[in-house]
Amino acid sequence: MAHSLPSCVIVLRVFKEMCIRYSGFKELTPWAQELVVQKCIASANPDYSKPGDVLRRLIECIASGIFLPGSCGLLDPCERDQLDSIAYLTPEKCELITYTAQHMLRQIAFGKLHSVLGVEALPKEDTPTKRSASSSDAAPAAKVPKTDKDS
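Numbered as in this note's numbering, the sequence shown ends at 220 without a single skipped number.
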């Protein structure tokens, strides 16, 4: 767990900002936000060390329906009894949280991470076209002289 602590802090900050910006997440208390980030990181593959991977994992976990009624819920590790820390949420709010995460996940999958984060898209780099070896050996195209019709 210690190896992913920097990612946990970064993703938690981003997720807290998303909870403010997205109406679907507004009902989550700060404690529930911290718990869901910690649980998603703890259950992830150790290869998830980059904040981008951890953020996607978090959105995937929420989109999978962990907040929906009948799911495992979000047990509070600080309580002696098994207490669900999101028991205060109505089923409608749980569905809204899940729907919001599913919508975010679709946007991420289609390359719209910038819209999920609320930032401008990075400019696309113009990649030079690769020429095949046979076309580089060929003579350059001859220029066609202008005629009186062209002017």
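Ideal Cβ positions, reconstructed from N, Cα and C, are used throughout, including at glycine.
Annotated three-state conformation of Asp153 is strand, per DSSP. Note that the C-beta distance between Trp100 and Ser154 is below 8 Å. Comparing alpha-carbon positions, the option among Val78, Leu137 and Ala132 lying closest to Glu103 turns out to be Val78.
Distance check between Gly142 and each of Leu182, Val105 and Lys181 places Val105 closest, using alpha-carbon atoms only. In the DSSP assignment, Ala101 falls within the unbroken alpha helix (DSSP H) covering Pro99 to Ala111.
Separation of Leu81 and Gly121 (C-alpha to C-alpha, rounded to the nearest whole angstrom) is 12 Å. Counting along the chain, Ile166 sits inside the alpha helix (DSSP H) bounded by residues Pro160 to Ala178.
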